[in-house]
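Numbering (our numbering), first residue to last: 1025 to 1914. The beta carbon of each residue, even a glycine, is placed where N, CA and C say it ideally should be. In this text the structure is predicted, and so the values were computed from the model without any measurement.
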Amino acid sequence: MLFLFLAALFSITFPAAMSAEKPFSFKETPGKLPKDVVPTDYFVRIVPDLDKFIFTGTETVKLSVRSPVHQLILNALELKIEAASIDGKELPASAIKTAHESELLTLTLPSELANGDHSLALSFTGKINQQGQGLFYIRYQEQGTGTKKTMLGTQFEATDARRFFPCWDEPAFRSRFQLTAVVPENWLAVSNMPVESEKKIAGAKEVRFAATPQMSSYLNVFVAGELDFIESRSGPTQIRVIATKGKAELGRYALEATAQILQYYNDYFGVPYPLPKLDQIALPGGFGGAMENWGGITYYESALLFDPKNSSAETKQNIYEVIAHEVAHMWFGDLVTMAWWDNLWLNEGFASWMGTKCTARFNPQWEVWLRRNLPRDPSRRVGIAREQAMEGDARSTTHPIQQRIATEAEANSAFDDITYKKGQSFLRMLESFLGEDVFRDGIRRYIAAHKYSNSTTADLWNALSEASKKPVEEIANGWIQQPGFPLVKVNREADGKIRLTQERFTVNFKKAPPLEWKIPLTYAVVGEAPATLLITSKSVVLENISADRALKLNAKGAGNYRVEYDEPSWNLLALPKLGVEDRVNLLSDAWALVQADRAPVSLYFGLAEKLPVSSTDLAEREQVINVLDLINGLLVGDPQREKFQRYARSLLRPTFDTLGWEPKEGEPLTAGNLRVSLINALGDLDDPEIIAGCRERFEKYLANPASLSPDLRPAVFAVVGRYADEKTWTKLHELGVKTTSIEEKQNYYNALACATDPKLAKKTLAIALTDELPTSRAIFLVSRVARETGHSDVAWDFARANMKALLAKTDAAGANRYAPSLFTFFSDDSRVDELKTYAKNNLPPASAREVAKVVDEIQFRAEFKKRLAAQLTAWTGKKRSPGETRSGGL
Ligand SMILES: [Zn+2]
């Protein structure tokens, strides 16, 4: 599963237990459900009622009883069980108990159920939800006509299949599922498998799908509506892109990308994709992300559909990355599934790593490994891993990649940066340590050994150890079972030796328990080939490196650790002589040291100023942009802000002036990405020429939309929106209401949410309560106002007053995170108490980790703001370098 819109915020600290994990065993897998009854085949029939938004269902489940039982315990949530029978014998109503709290359905049997095969039959009714959980409906405007239409979709991960049909809803209970659904005659219905039969019944049609292979319940899918598709084949596999009527052709790019990705994975995993078809389904709302249902992957529409005339290059890249992530799950997640949610990283860390690797393989020009800095738009959360993971992992509120999961709420909140991004980052480090081919051989062994079954992290280490003949588990345990990550300090000693010492790297975490790691370190004397060294103790010595040679650790930034050089070592490192990956790595480490209060801000800006003044290296510039953006946000309301903005512009304008507004013939793709980033950044930094340029282009666009390149539209609209007056705001709003393209709609509403005029910010917030936007997007309009406008207080006041209506648009996991997430952009200590009090009075215990994490963030921002303000005065006030006179005379 991939969340595109929710800034996942987490916390909880576990003791660092380093006990070895066991290989997969069904019996020993954690979970609530007893393991003496195992379902093997489900036959489910669903009849939705689109007027009342309810559905009726019946199911027959074949059971294999492994030791005699007196009751059956399975999952059901918000389902009314109308009748139940076992082996054809009806149970009395008193034998049927559903418990909302535990999400369990208990059936008490009249007599002991003996070992062997049995058959359970149930009939039930349930709800069709507004928010994207269980079975849900989406209202959308039809392409071409603008008519309001309704369609259906499902979202079951982590624990919501039980809202659709009673089931053994834990990943280790693999079964075959056969779905039948009754839908209007003019609808297309889609599920994991192809349609097996279709028949007309009383003004509707009944569609029966083929049975799935053995899989986990959360991977079921059902989508239906007035849909179109385009299709192709890749070997024996039918590939389709399915969208609402009139939009299927916009799936052309996704269709081609899918074929390429599928072929690559068929080879990489050594087991070909096992289902007869793979559908990529675009949903115009309901949920905001993508979900790897086996054979029927669902996507938020703008993460799948690409309109060559109106979509931006960023959208295209995002689509490829999301597809590559989701299709990787067809193996890692679907064919082989983690035994329990404590191993969720096996699914998500792996799919994130694999998706990025595949994207980089076919699109080297996008620099996906490098663009891992905090993205400007948190809705783009794919492929950009290491820095985000390390930021959260340095705090007191982090947790090990592998964490104990007891409840449904914990399972849902395991989907966080640590699981996805630290997981990905660790796998990348391990792959580069073991070697690409050896690593792939290990993965092939793992897939072959566990296909159609479940696994634990230990199973993966065993396969990689066998392939590499190296003690992978020993190296990996520290990274998977401990929170945090190391800092490696470089000291040149008097005798010429270089001492490397490791310690835990932390930010805003004074008394952190000390930890050690086995670090697969890479290092290079600048100008020579990198070498590898496995550090297994607190401190090691590098010999034979002469005192006048520069030494760079963490070659290409592929390792998940920070490096702190002593002064002589810093002085030898001449940035312009390093490759771009190493430059970005040094900048990122320097900035992290500043955040950790291990270095003054002058260390970072000293490095940034040494870079070529009009460099157009995308990742390097974006690293600088992200730092400037963070400081600019912290300084809202500070008298120093104007001076800082002038300084920040002087660092960025020369590059923009080199690139210009219009794409040049033959320029690299990254120049286009960078142009967009710079317009956004300089717009935020109050650059009058950029603002005027955006306004002029917006006016022309209104007269002739083709005059503005789709790549520039999101940035130009955002800058125009940021400085909008009422008339401009209204114009942007009209455009947003009218368009039937989800991507365009988002561009306009994102622009509205940037408006800094508090009166307009209030108008934007009010839209969150209407049905103008899909539910999953509407509530994040408030988050966006909090982040973009400097009026976090206005956004929070609005949210608090309308919390009930807002939360009705999100699922339970979202509800736990939503209120705390709106505090993330405060940097005033007094908000800590406010959040704690609010949480105590209004939030469920499951929100505790979110609250702790946001409390830490506010405290960090408050402290960092004070520290920065003092140091920035000295830095930005110093004598300007000659470069600045080229910055547009500001
Ligand atoms: Zn995923």
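Residue i in three-state terms, based on DSSP
i, result
"A1598", "coil"
"P1624", "coil"
"R1573", "coil"
"I1471", "helix"
"V1565", "strand"
"D1065", "strand"
"V1531", "coil"
"I1766", "helix"
"P1308", "coil"
"D1662", "coil"
"S1118", "helix"
"A1487", "helix"
"T1546", "strand"
"T1261", "strand"
"F1463", "helix"
"C1382", "helix"
"V1587", "strand"
"V1637", "coil"
"P1190", "coil"
"D1653", "helix"
"K1751", "helix"
"A1392", "The sequence given here has Val at residue 1392, not Ala. The answer is coil: DSSP assigns V1392 none of H, G, I, E or B."
"V1618", "helix"
"S1335", "coil"
"F1048", "coil"
Residue closest to residue i, alpha-carbon to alpha-carbon, out of the options
i, options, result
"S1147", "N1290, E1209, T1080", "T1080"
"S1240", "T1204, E1222, L1683, T1361", "T1361"
"E1887", "A1870, L1859, D1852", "D1852"
"R1395", "L1274, P1063, S1335, L1698", "L1698"
"A1119", "V1214, K1446, S1126, A1108", "A1108"
"P1624", "S1135, M1217, S1126, R1891", "R1891"
"A1352", "G1373, F1850, W1364, S1335", "G1373"
"S1326", "K1340, G1320, N1317", "K1340"
"D1193", "P1054, L1627, G1168, T1421", "P1054"
"N1515", "A1571, N1367, A1777, A1785", "A1571"
"A1555", "I1569, S1561, S1563", "I1569"
"N1334", "D1440, V1564, Y1725, E1052", "Y1725"
Rounded Cβ spacing between residue i and residue j (contact assumed at less than 8 Å)
i, j, result
"A1438", "Q1448", "The pair is not a contact, with the Cβ atoms about 15 Å apart (cut-off 8 Å)."
"I1559", "L1575", "The Cβ separation is near 15 Å, so there is no contact."
"V1587", "N1578", "6 Å"
"N1099", "P1190", "7 Å"
"A1196", "W1318", "The Cβ separation is near 16 Å, so there is no contact."
"L1776", "T1788", "5 Å"
"E1136", "P1208", "The Cβ separation is near 46 Å, so there is no contact."
"L1016", "L1251", "What is shown of the chain runs 1025 to 1914, which leaves residue 1016 out entirely."
"R1367", "T1480", "Going by the sequence as given, residue 1367 is Asn instead of Arg. That belief holds up - the Cβ atoms of N1367 and T1480 are roughly 6 Å apart, short of 8 Å."
"P1538", "R1523", "Their Cβ separation, rounded to whole angstroms, is 18 Å, which puts P1538 and R1523 out of contact at 8 Å."
"N1244", "F1180", "6 Å"
Chain B within 8 Å of residue i, Cβ atoms only
i, result
"R1200", "Among the chains of the structure shown, chain B does not appear; only one protein chain is present."
Distance CB(residue i)-CB(residue j) smaller than 8 Å
i, j, result
"G1177", "L1328", "no"
"T1322", "I1347", "no"
"P1300", "T1261", "yes"
"S1215", "G1150", "no"
"T1064", "S1049", "no"
"L1652", "L1675", "yes"
"G1156", "G1357", "no"
"S1639", "T1694", "no"
"L1599", "L1617", "no"
"L1846", "S1871", "no"
"K1446", "D1417", "yes"
"G1379", "H1349", "yes"
"F1253", "I1263", "no"
"N1592", "S1336", "According to the sequence as given, residue 1592 is Pro; it is not Asn. Their beta carbons are not under 8 Å apart, which means P1592 does not touch S1336 by this criterion."
"A1248", "M1175", "yes"
"A1228", "S1258", "no"
>> As an exercise, report each continuous alpha helix (DSSP H) stretch of at least 4 residues that is fully enclosed by the region 1820-1888, in chain order.
In response: 1827-1831, 1836-1845, 1854-1866
>> Suppose only complete runs of 4+ residues qualify. What are the alpha helix (DSSP H) ranges in the region 1666-1744, listed by chain order?
In response: 1693-1708, 1712-1727
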